[in-house]
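Reviewing the structure listed below.
Have a look at this one:
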């Protein structure tokens, strides 16, 4: 199977959904994306529902994995200067077994914050955080330069975080 066909089929799988969301679900989700510690009472006031209804809807959205995770977003500057890098990775082969192995491998590296399997000349775009330049070099050598599944890679060092977020426009 060609890489493009594989990507199209995977995108189709991601788009197909049996979850039905109404205007109230979207309103609740918008509030939670902005502040997931907001009380159910406050959300109920903002979206014009009862507190019990908001609680039931949030529980359903979590159970159906519309809400994947509740977490704190940490300010990296409070932990000292970290090096953020963007790494473009091209796999040595476009075979499913190599793609799946690389996905599993990258998913378990603590310093990798985000990893995207993409098309268009590279296989992955990776966002990685390292403590120092020597730590960055060691990570690059270990996970990319010495990785038999990686054909080529290119690293970009982030100079400034202009916008960072995971909110969906809904």
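In full-length UniProt numbering, the protein residues as written are 1 to 170.
C-beta atoms are modelled at their ideal positions from N, C-alpha and C, and glycine is treated no differently.
Extent of the continuous alpha helix (DSSP H) run through residue i
i, result
"residue 170", "That residue, residue 170, is in no alpha helix (DSSP H); it is neither H nor E in DSSP."
"residue 161", "Careful: residue 161 lies outside any alpha helix (DSSP H) and carries neither H nor E."
"residue 30", "23-34"
"residue 142", "Taken as a continuous stretch (DSSP letters only), residue 142 belongs to no alpha helix (DSSP H), as it is neither H nor E."
"residue 100", "96-107"
"residue 42", "40-47"
"residue 55", "51-63"
Counted within 10 angstroms of its Cβ, other Cβ atoms place residue i as buried (16 or more) or exposed
i, result
"residue 29", "buried"
"residue 128", "buried"
"residue 11", "Low local confidence applies: a pLDDT of 48 at residue 11 is under 50, so the model's placement there is unreliable, and no value is given."
"residue 8", "Its pLDDT being 49, under 50, residue 8 is placed unreliably by the model, and the measurement read from it follows with that caveat. Exposed, because fewer than 16 other Cβ atoms sit within 10 Å of the Cβ of residue 8."
"residue 57", "buried"
"residue 144", "buried"
"residue 167", "exposed"
"residue 71", "exposed"
"residue 154", "exposed"
"residue 106", "buried"
"residue 156", "exposed"
"residue 44", "buried"
"residue 163", "exposed"
"residue 47", "buried"
"residue 73", "exposed"
Identity of the residues DSSP links to residue i by a beta bridge
i, result
"residue 132", "Beta-bridge pairing links residue 132 to no other residue."
"residue 116", "125"
"residue 150", "91"
"residue 85", "128 and 157"
Nearest neighbour of residue i, chosen from the options [CA to CA]
i, options, result
"residue 19", "38, 163, 102 and 65", "65"
"residue 118", "103, 75, 161 and 61", "103"
"residue 92", "162, 168 and 151", "151"
"residue 158", "41, 169, 99 and 81", "81"
"residue 132", "68, 79, 24 and 36", "79"
"residue 51", "75, 60, 97 and 39", "39"
"residue 68", "36, 115, 116 and 53", "36"
"residue 149", "97, 165 and 62", "97"
Assess, as a yes-or-no matter, whether the stretch 81-98 is touched by the stretch 125-141 under the definition of 3 or more beta carbon pairs within less than 8 Å. yes
Counting pairs of beta carbons, one from the stretch 119-128 and one from the stretch 87-107, are three or more of them closer than 8 Å? yes
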